[in-house]
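Residue numbers (the numbering used here): 918 to 1568.
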């Protein structure tokens, strides 16, 4: 046992002895222990995850809350897993229209070969680069992080980012989702028993923990080689599973003998980082970089999509896996969010679509080379709602040709005009980044972006008219401030917005601001069911909520829709759609009740019954639910059956 491991064990013993309550007290305790090891040259402070794995099983359970660093990640009831698709050109760039004047990244950008609209410095992009944009590796890596933080991410939401995903070849879309889901299934089989208990020894051995026994780079390479070895195996096959047990847990995995292209892919990816300087030297054109990106993706499909399992088989396996995909989000543009694309997304298991609306003004969309119109935005939202999807709209205040007044009108229009009325909203104040057309305009004095203060004031003003059925997901891009050349220069814009709201007495009633997990005053005994009706995209919506009206706290909700058009055979004229059923608070393990969670207490079931009752009262005889793959078993227990991509029931 080395000094680092010994220090971690001693810190665990000290935690048991002194029972620190805060992260500050814990850090002070760490420093006291590390002082004993100065003479051994130990300088790095152990992370909470290192202590978690050094502790005994009983200590891990006792310390789980203290050593869990990021409660907000699962406080809404699910564990998000964001993963980036391969760098690939956007559709209107291929038409010679785009990219959008404000859009960074993409093949051959000054940031290197990175996904379109990203810089390579965002947390999810860095994770994807580190894992060679391989969905199997990315998901395994993220699940490893969750378990290392003391969480069991059994209700996970996959969020696919990286540009217009529905523009990618259909084969790539299926490959990407298939291996993301397979990672969840395989992680469940490798490290958990039939009762859902984590085998901590297997987990540590597979991921080469603790971290400092190997260098981080060497550890990553070894884990990648293991994952590449099992990526195309069927772990339901007893022979394959026995082989894995012998290689990784009972025997010795010969890394030299089992060399594969994992390291080569990583080196290729590192070489891509040097493309930024090549672009500045005009050695490679954007057009050529786009061609290389397309060829790279084609090669990936030929060399890595070798599993005999189909997407449908893997989806079926995820329905009962310990780690389940309860939601799948896909980013796209409205001109690639029509009926054809919606049907493809349903096949993948998608439940939520993020659409870049950006502006309600055609002249602004044209001036920024968006490549679609306001009419496209409106049509796409209507089609996708009528297919059952949740809609998360992206809107950009501060674009060229707009004023503060125009932006406030635009935001108000999103909430009040029935053609829009999204379920969620991400606000991205326009920022200037190198390599964009907008950067040139800014350098030439033709454009001035919103400042941090201006953006915060505008967003706080807009919060006055956010309806109770909308969730404001973000108020800025997750891009480090040192990357931007001009515009919002703080990464904590939401805190500035909240400060202004407090000063002006503005109370936001969006879903995020009222979630039970954020409110200590939430009282389970005060729950009442309320229904808010509104017209949207040619149909009728019912926002059915479980609320503590006294404290203005939201415990859960259901989105019921009577569609404006019947676009699939599963959706008859007398059908009602449930587009979302969600219960808040920290995620409780599937099938288990937790004292600090409001999940698994009957809230979801009661909301569903209210939705069925409301539908029947309005002459509907069939309920159609767009369900996450991993939530299908829940609905089966309530009498629903799988029909096409939906869970359905006669009511």
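Ideal placement from N, C-alpha and C gives every residue a C-beta, glycine not left out.
Simplified DSSP state of residue i, which is helix, strand or coil
i, result
"residue 1425", "coil"
"residue 1040", "helix"
"residue 1267", "coil"
"residue 1023", "strand"
"residue 1327", "helix"
"residue 937", "coil"
"residue 1073", "strand"
"residue 1351", "coil"
"residue 1474", "strand"
"residue 1547", "helix"
"residue 1518", "coil"
"residue 1504", "Any answer about residue 1504 is weak, because its pLDDT of 48 lies below 50 and its placement is not dependable; what the coordinates show is given next. Reduced to three states, the DSSP call for residue 1504 is coil."
"residue 1396", "coil"
"residue 1141", "helix"
"residue 1078", "strand"
"residue 1413", "helix"
"residue 1035", "coil"
"residue 1493", "strand"
"residue 1180", "A caution first: residue 1180 carries a pLDDT of 42, below 50, which makes its placement in the model unreliable, though a value can still be read off. Reduced to three states, the DSSP call for residue 1180 is helix."
"residue 1303", "helix"
Buried versus exposed call for residue i [16 or more other C-beta atoms within 10 Å across all chains shown]
i, result
"residue 1379", "buried"
"residue 1063", "buried"
"residue 1311", "buried"
"residue 962", "exposed"
"residue 1154", "exposed"
"residue 1273", "buried"
"residue 940", "exposed"
"residue 1486", "exposed"
"residue 1043", "exposed"
"residue 1088", "exposed"
"residue 1458", "buried"
"residue 1448", "exposed"
"residue 1544", "buried"
"residue 1464", "buried"
"residue 1356", "buried"
"residue 1394", "buried"
"residue 1021", "buried"
"residue 1118", "exposed"
"residue 1134", "exposed"
Spatially closest choice to residue i from the options, by CA coordinates
i, options, result
"residue 1442", "1040, 1451, 1520 and 1383", "1520"
"residue 1299", "1481, 1446 and 1474", "1481"
"residue 1555", "1561, 1546, 1547 and 1565", "1565"
"residue 1032", "1432, 1462 and 1211", "1211"
"residue 1402", "1432, 1358 and 1305", "1358"
"residue 1475", "1360, 1462 and 1451", "1462"
"residue 1257", "1077, 1039 and 1296", "1296"
"residue 1000", "1060, 1025, 1007 and 1022", "1060"
"residue 1541", "1291, 1558 and 1221", "1558"
"residue 1141", "1123, 1006 and 1489", "1123"
"residue 1238", "1078, 1106 and 1553", "1106"
"residue 1389", "1429, 1202, 1301 and 1158", "1429"
"residue 1214", "1467, 1376, 1014 and 1090", "1090"
"residue 1144", "1074, 1221 and 1069", "1221"
"residue 1386", "1347, 1473, 1327 and 1467", "1473"
"residue 1374", "1365, 1415, 1399 and 1352", "1415"
"residue 1551", "1525, 1425 and 1533", "1525"
Pair within 8 Å by beta-carbon distance, residue i and residue j
i, j, result
"residue 1484", "residue 1528", "no"
"residue 1568", "residue 1522", "no"
"residue 1335", "residue 1251", "no"
"residue 995", "residue 1305", "no"
"residue 1314", "residue 1324", "yes"
"residue 948", "residue 935", "no"
"residue 1096", "residue 1052", "yes"
"residue 1223", "residue 1271", "no"
Nonlocal neighbours in the same chain, by C-beta distance under 7 Å from residue i, ignoring five residues either side
i, result
"residue 989", "In this prediction, residue 989 scores a pLDDT of 41, lower than 50, which makes its location untrustworthy; no coordinate-derived value is stated."
"residue 972", "929 and 980"
"residue 1369", "1405, 1406, 1407, 1410 and 1413"
"residue 1048", "1054, 1055 and 1058"
"residue 1197", "Note that residue 1197 scores a pLDDT of 45, beneath 50, so its modelled location is shaky and nothing firm can be said."
Cut-off 8 Å between Cβ atoms - residues of its own chain near residue i, not counting five sequence neighbours on either side
i, result
"residue 1329", "1379 and 1382"
"residue 1466", "1443, 1445 and 1447"
Proximal residues to residue i (C-beta, below 6 Å), its chain only, five neighbours per side dropped
i, result
"residue 1331", "1337"
"residue 1547", "1235, 1241, 1242 and 1243"
"residue 1307", "1269, 1340, 1496 and 1497"
"residue 1397", "1038"
Contact with chain D by residue i, beta-carbon distance below 8 Å
i, result
"residue 1121", "The displayed structure is made up of one protein chain only, and chain D is not part of it."
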